[in-house]
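Chains as they are written, first to last, in the UniProt record's numbering: chain A, 1 to 375; chain B, 1 to 375.
Just so you know, even glycine gets a beta-carbon here, dropped at the ideal spot from N, CA and C.
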C-alpha cells in the first residue's frame, strides 16, 4: 500500500506524509543507502536514533549476494537486515548500466556476467519485479535503462535518448503487469527518463502518468552531467508530476542539491554521498564542508560541527577523528558516517519544520548563507 | 593511586576490587585492547554498555601517532579517546621487541626506526615513564625487555633469559625512580620475566617484590611458546606474588586460558584475540568457537550464541553476519567485535559471580563442559 498526504506547499516545495506497509515517512526526506542490506558502517539502531525513516536496498547486489534463497527464507529484506521501517529498492537498472561494456541490452532485458563469480545472468523487467517481491520492499522501482550523459566522450544525442526513454516506457508497462501478476502488496514507482532533453522528459512523464503509478521518480540525473544541466532537469520535471503523488529524485546529491530539489517539488532523495564521503574524510557541516585530512585538524579540540547533536559531535574532537583516519581505524568511518548521515537527515528535518511554519524561502536563504560562511 | 581489596579467595583464585584514579575495577577482569586510542571497531559507549571497566592503550603506538604534543594538549588519553574509566598502558617494550631486526637494545634503552616515517627513535625506561605520564593512564607498566621464546629457530637459553631478565630488573628500578621524579599520581606495575625457567621467574619476582610495586604483571608469556609451557609458567608465578596486590597476566588469551589464569590466581587479563578474531570471522560462544565463514552459516537464522545478550545476538542472524563478512561490509566486524568482547567480559562476570558464591570450581567444570559441547 501507499498513501500520500500533501500537507502543505510553498511555491513548488511540498510538505507531505507517505504511509507505506512498514510505516510512515515524513517528507521531504533523505533516504540512506544500504546497498548490500547494510548502510555502510552504521548500526540499524544508530539509523533509528538519528531519525532515518526509510532506507534503500539494492536489487542487483542483493540478488547476487546473499541471493534469493536466503532472502526468501527470511521473508524479505527487513528481517534479514534487522530494519523494521520502510525500505525502497532500486530495480537493478542503474547497476547493470554501470557494468559498461560487460553487459548487453536488448528489448527483452539485459544480459551480463556476474561481477561476483562470472555467472551469466539475465535481468528483465519481470525478474526485477520478482526479485523485489522477494525483498518485500515498501517501494519497488521499475526496471529502466539509465540513459547515459556521455559514453566514452560521445554525448548522448536526442535520438539516442529518445530510443532509450521509449525502451524504459515499454519496460515500465511490463513491470506494472508483472507487479500485478505477483500480487505484490507494496508500491511500484515509474521512472522518468529522457536525458538532458526537456521534450523527452515531458513525453516520458506523460506516458508514465497515463499508466497511473502510485509514485514517480526522476532518473538519469547525477550521471556525470555538468551541474547546470542537472539543475535544468530538476527545474523542469518534478513540479510537472501529479501533485498528489510522491516524487523521488534518484541519486541526488549535495546538501545544496537537496534544498534545490525541495524547492523544485521533490519529496524523496537518496545518495551514497554522506557515507562514501565520510569514509574519505569529507564531512558536511552547517557552515560548509570540512576536509578531515587537512593537517590543521591534528590539534583541533572542537567537534566536527558545534551545532550538531550526533554521536560523533558529542565527545569526539576533530583531532581524534583526524588521528583515527590517519591510523586507518574503523572507528573513524563509523563516527564520520554517523555524522554525515545525521547532517543530511537533520537538514531535511529542518526543511520540514520550515515548510510546516510556512517559512521555507527564508530557511533556504539562511541555509545558503550558513553553508557559504565556511567551517 | 591504587587500592586493592581482596574480597574472597577459592584455592588460588581471587575475587578483588581495584580502585584507581578513574574508577573501580571488579576483578578478575578482562581488559579490551585499544592500541591507537580505540578498541578496534567499537564505540566507547558500546564498551561501557557491555561492561568494560578498564581498557588498554599502547605507549609505543600513541607516542608515534598522534604524538605527545596532541596527547599533552588533551590532558592525556582519557579525554582524547572519550573514555572516562580506567586505562592501563603498556610500556612499549613488547612493541619494540616485535620490531625484530629493526631495533638495537643496549643497557640504556632501545634504538629503532619509526615504522611510520623512519625517524630514528630511542626508547628508554625514563622516556617510557615520561610518555605514560602524559597519557595519564591509571596503570603504568614498567619498560622491560620481553624475553623471546625463540629467535629464528633458536630457543632462548637459560643464560640468555637470565641476562634479559636482569636487564628488565635494572630497567624496573630506573622506571620506579623516574615515575617518582615525575610525581605521576597513578600506579606503576613491575613485570616478572625469566622466560620458561622457573628459577629465573622466582628470582625476577623476588627482586621486584623487594622494590615494592603496587601491582605486578607476568610478561613474556604468549610469545610463541607451546601451550604446555605457558601453562607451566602460569602455574608457577601468579600465586607466588604478594596476595594483597593485583596480578596481571599480559597478552593472554583464549577463554580457557583466562579461566585457567583465574584458577592460578590472576586478576587482570588483556588480549587482542576477541577483536582480531572477530574481524576474521572467529567467534566465541558458550558452546565453543564458531567459524562464521563456514558455508553452513549462509542460511542459519540463529544468533551467534542463543544464550548471549549482546547487541549482535539481538536481531542479527548468523546468515546475515556471514553475508556481511562475504561482502566485506564494515557492519560485520562491528557486530562480531561487540559479540566477542561481550563474550570475554561476560565470562569474567560469571567468574566473579562464581567466586562471590564460593562455587568457582563447579563453575570451571561447567564452563569446560559447555565449551567442549560444540556450537
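query, result
"Do we get a CB-CB distance below 7 Å when we pair residue 327 of chain A with the residues of chain B?", "yes"
"Would residue 109 of chain B and residue 123 of chain B be called neighbours here (beta carbons separated by less than 7 Å)?", "yes"
"Verify the CB distance criterion: does residue 255 of chain A have a CB-CB separation below 7 Å to chain B?", "no"
"State the Cα-Cα distance for the pair residue 128 of chain A and residue 340 of chain A, rounded to the nearest angstrom.", "31 Å"
"In this structure, does DSSP put residue 298 of chain B in helix, strand or coil?", "helix"
"Taking 7 Å as the CB-CB limit, is residue 291 of chain B close to chain A?", "no"
"Given residue 348 of chain A, which residues of its chain have a CB within under 6 Å of its CB, disregarding the five upstream and five downstream residues?", "28, 29 and 30"
"Going along chain B in order, which residues have a C-beta closer than 8 Å to the C-beta of residue 70 of chain A?", "298, 299, 319 and 323"
"With contact counted as at least three CB pairs below 8 Å, one residue from each stretch, are the region 289-306 of chain B and the region 316-326 of chain B in contact?", "yes"
"Name the chain A residues that come within less than 8 Å of residue 315 of chain B, Cβ to Cβ?", "44 and 82"
"To the nearest angstrom, how far is the alpha carbon of residue 15 of chain B from that of residue 354 of chain B?", "9 Å"
"Using a Cβ-Cβ distance cut-off of 7 Å, determine whether residue 99 of chain B contacts chain A.", "no"
"Which residues of chain A have a Cβ atom closer than 9 Å to the Cβ of residue 73 of chain B, listed in chain order?", "299, 301 and 319"
"Here's the rule: buried if 16 or more other CB atoms are within 10 angstroms of the residue's CB, otherwise exposed. What is residue 142 of chain B?", "buried"
"Going by CA-CA distance only, name the one from A:163, A:268 and A:342 that's closest to residue 441 of chain A.", "Residue 441 of chain A cannot be examined here, being either before or after the span of chain A that is shown, 1 to 375."
"Within the 7 Å Cβ cut-off, does residue 41 of chain B reach chain A?", "yes"
"For residue 333 of chain A, go through chain B and note every residue whose CB falls closer than 9 Å to its CB, in chain order.", "330"
"Starting from the C-beta of residue 174 of chain A, find all residues in its chain whose C-beta is less than 7 Å away, skip the five residues before and the five after it, and write them out in chain order.", "125 and 126"
"Using a beta-carbon distance cut-off of less than 7 Å, what residues from the region 48-65 of chain B approach chain A?", "65"
"Can you tell which of A:266, A:120 and A:233 has the C-alpha that lies nearest to the C-alpha of residue 215 of chain A?", "A:266"
"Please name the residue, chosen from A:54, A:156, A:2 and A:202, that lies closest to residue 225 of chain A on a Cα-to-Cα basis.", "A:156"
"Rounded to the nearest angstrom, how far is the Cβ of residue 1 of chain A from that of residue 187 of chain A, given a contact under 8 Å?", "7 Å"
"In whole angstroms, give me the CA-to-CA distance for residue 327 of chain A and residue 65 of chain B.", "8 Å"
"Which whole-angstrom value describes the C-beta separation of residue 221 of chain A and residue 252 of chain A, a residue pair presumed to lie in contact below a C-beta threshold of 8 Å?", "6 Å"
"Report the neighbours of residue 36 of chain A on chain B: residues whose CB is nearer than 7 Å to its CB, in chain order.", "327 and 329"
"Taking 7 Å as the limit between beta carbons, can you name the residues of its chain near residue 211 of chain A, skipping five residues before and five after?", "172, 173, 176 and 190"
"Please determine if the region 328-335 of chain A and the region 30-39 of chain A are in contact, where contact requires at least 3 C-beta pairs separated by less than 8 Å.", "no"
"Kindly indicate which three-state DSSP category residue 157 of chain A falls into: helix, strand or coil?", "coil"
"Which of helix, strand or coil does DSSP assign to residue 338 of chain B?", "helix"
"Looking at residue 200 of chain B: is its Cβ nearer than 7 Å to the Cβ of residue 192 of chain B?", "no"
"Among residues of its own chain, excluding the 5 on either side of residue 6 of chain B, which ones have a beta-carbon nearer than 7 Å to its beta-carbon?", "14, 16, 243 and 244"
"Please determine, among A:101, A:366 and A:87, the residue with the shortest C-alpha to C-alpha distance to residue 376 of chain A.", "With chain A covering 1 to 375 only, the question about residue 376 of chain A has no answer from this structure."
"Within 10 Å of its beta-carbon, does residue 78 of chain B have 16 or more other beta-carbons around it, so buried, or fewer, so exposed?", "buried"
"Which residues in the same chain as residue 55 of chain A place their Cβ atom closer than 7 Å to its Cβ, once the five residues preceding and following it in sequence are excluded?", "31, 32, 34, 39, 47, 83 and 87"
"Rounded to a whole number of angstroms, what is the C-alpha to C-alpha distance between residue 146 of chain B and residue 247 of chain B?", "17 Å"
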